[in-house]
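Numbering (the UniProt record's numbering), first residue to last: 1 to 382.
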């Protein structure tokens, strides 16, 4: 992929109005440039010349050619006008796909690159980050299968799916990628067979395990850009294991969980920056109205192999999985601040009401607090 830039002034060699801008003629010597996020009004006596200039900014003309269409206007003034438009994000470089483009010509992510470009000016840079990213997903059930499919569609380069369960009869309807013929197969193997049909550029690694120890989870997530823990019901033991492994390996992670009439997303844990899952648990306990009952239930969730299935609405499993993937794109690329960074997002399935709860870092957290990396000195060392 090559970008042509002029030798002088940092102007594009073949300038064009970005495709996400509408050029709208108005009465009273005005022109409106309007996108999804920005509206600019150009006005004045020279609006006729500006209108002609905008027509020429279609990517087919060299920058040196454009002033020749305005014999009555100094060349410097024409270039200065283009420069002002460029500085305001109203003009961009014309891009061509060449041999340097990863995998050759591929416009399949064009709409997504356009979306990124509105925010970051050059969406190809953001897309390249995704292509080089490695994401580990724990849980390939109703929520996790949707998340994995969405990550692949978004262009994530490598996905590691961690799940030792088999496909049940509900997953072809409530999940993503599964077919009726997959019932009884390992989830990770079924997804491995299908994901390449969505995006052959995404590599998928299937791990038929569930880590019970921190060192096992740490080995799986080592070197990843992000971890998703996607569960169809509360899974306290897994969250705790992933949290400790995340802190150990300094890998961010995000929780997505269906919990009856609620869909939970977050809090995103960014090691050394945000509250961790232990902080979240301890602060939650401080707000419990029925402490004894809730503590017994938490201990049951952490230790019992059998847990009740709260069921789900098929659209909600897709909603949460896709939102988890969207949040993952934010965490991986930074194109927009993550909604769940140090926050828990809760969606009520019945009312469609959403709430965001801030989760503050706990100074004395036994998992991520100051004392973990800075233990108190022994008396004899003073």
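Positions of the beta carbon are idealized from the N, C-alpha and C atoms, including for glycine.
{"Item": "In the DSSP assignment, find the beta strand (DSSP E) that holds residue 348 and state where it starts and stops.", "Value": "343 to 348"}
{"Item": "Quick test of your reading: residue 208 and residue 168, contact by CB under 8 Å. State the CB separation rounded to the nearest angstrom.", "Value": "Residue 208 to residue 168, Cβ: 16 Å. No contact."}
{"Item": "Pick out the complete beta strand (DSSP E) segments inside the stretch 242 to 304, 3 residues or longer, and give them in chain order.", "Value": "253 to 259 and 262 to 265"}
{"Item": "Could you check if residue 19 is buried or exposed, using at least 16 other CB atoms within 10 Å of its CB as the buried criterion?", "Value": "exposed"}
{"Item": "Helix, strand or coil for residue 27 per DSSP?", "Value": "coil"}
{"Item": "Along the chain, where does the alpha helix (DSSP H) that runs through residue 120 open and close?", "Value": "110 to 120"}
{"Item": "Bridge partners of residue 41, per DSSP?", "Value": "32"}
{"Item": "Around the Cβ of residue 424, are there at least 16 other Cβ atoms within 10 angstroms (buried) or fewer (exposed)?", "Value": "There is simply no residue 424 to check, as the chain begins at 1 and stops at 382 in what is shown."}
{"Item": "Give the secondary structure of residue 229 by DSSP, where H, G and I count as helix, E and B as strand, and everything else as coil.", "Value": "strand"}
{"Item": "Within a Cβ cutoff of 6 Å, which residues of the same chain sit near residue 357, ignoring the five residues on either side of it in sequence?", "Value": "344"}
{"Item": "Does residue 199 come out as helix, strand or coil in the three-state DSSP assignment?", "Value": "coil"}
{"Item": "Here's the rule: buried if 16 or more other CB atoms are within 10 angstroms of the residue's CB, otherwise exposed. What is residue 24?", "Value": "exposed"}
{"Item": "Check whether the stretch 53 to 71 touches the stretch 124 to 140, taking contact to mean three or more Cβ pairs, one atom from each stretch, closer than 8 Å.", "Value": "no"}
{"Item": "Roughly how many whole angstroms lie between the Cα atoms of residue 189 and residue 287?", "Value": "42 Å"}
{"Item": "Give the single residue among 195, 251, 236 and 32 whose Cα lies nearest to the Cα of residue 176.", "Value": "195"}
{"Item": "What does a CB cutoff of less than 6 Å around residue 365 pick up in its chain, not counting 5 residues either side in sequence?", "Value": "278 and 279"}
{"Item": "Got a sec? Which residues, its chain only, sit under 6 Å from residue 22 by beta carbon, not counting five neighbours each side?", "Value": "34"}
{"Item": "If you draw a straight line from the C-alpha of residue 229 to the C-alpha of residue 126, how long is it?", "Value": "24 Å"}
{"Item": "If you drop the 5 nearest sequence neighbours on each side, which residues of the same chain put their C-beta closer than 6 Å to that of residue 231?", "Value": "139 and 257"}
{"Item": "Tell me the DSSP bridge mates of residue 357?", "Value": "344"}
{"Item": "Do the CB positions of residue 367 and residue 276 come within less than 8 Å of each other?", "Value": "yes"}
{"Item": "I'd like to check one pair, residue 68 with residue 47: are the Cβ atoms closer than 8 Å?", "Value": "no"}
{"Item": "Is the distance from the Cβ of residue 120 to the Cβ of residue 335 below 8 Å?", "Value": "yes"}
{"Item": "Would you report the Cα separation of residue 158 and residue 178, rounded to the nearest angstrom?", "Value": "20 Å"}
{"Item": "For residue 154, count the other beta carbons within 10 Å of its own beta carbon; 16 or more makes it buried, fewer makes it exposed. Which is it?", "Value": "buried"}
{"Item": "Applying the 10 Å Cβ sphere with the 16-neighbour rule, what's the burial state of residue 267?", "Value": "buried"}
{"Item": "For residue 21, name the three-state secondary structure that DSSP assigns.", "Value": "coil"}
{"Item": "Please identify the residue among 261, 132 and 251 whose C-alpha is closest to the C-alpha of residue 270.", "Value": "251"}
{"Item": "Is it buried or exposed, residue 246, if we count other Cβ atoms within 10 angstroms and call 16 or more buried?", "Value": "buried"}
{"Item": "Please go through the same chain and pick out, in chain order, the residues whose beta-carbon is closer than 6 Å to the beta-carbon of residue 104, but skip the five residues on each side of it.", "Value": "Only weak support is given to the placement of residue 104: the predicted model assigns it a pLDDT of 47, under 50, and the question is left unresolved by the model."}
{"Item": "Quick check on residue 91: does DSSP put it in helix, strand or coil?", "Value": "coil"}
{"Item": "Under three-state DSSP, which class holds residue 370?", "Value": "helix"}
{"Item": "If you draw a straight line from the alpha carbon of residue 326 to that of residue 210, how long is it in whole angstroms?", "Value": "25 Å"}
{"Item": "Looking at the unbroken alpha helix (DSSP H) that takes in residue 162, where does it start and where does it end?", "Value": "Per DSSP, residue 162 belongs to no alpha helix (DSSP H); it is in the beta strand (DSSP E), 158 to 162."}
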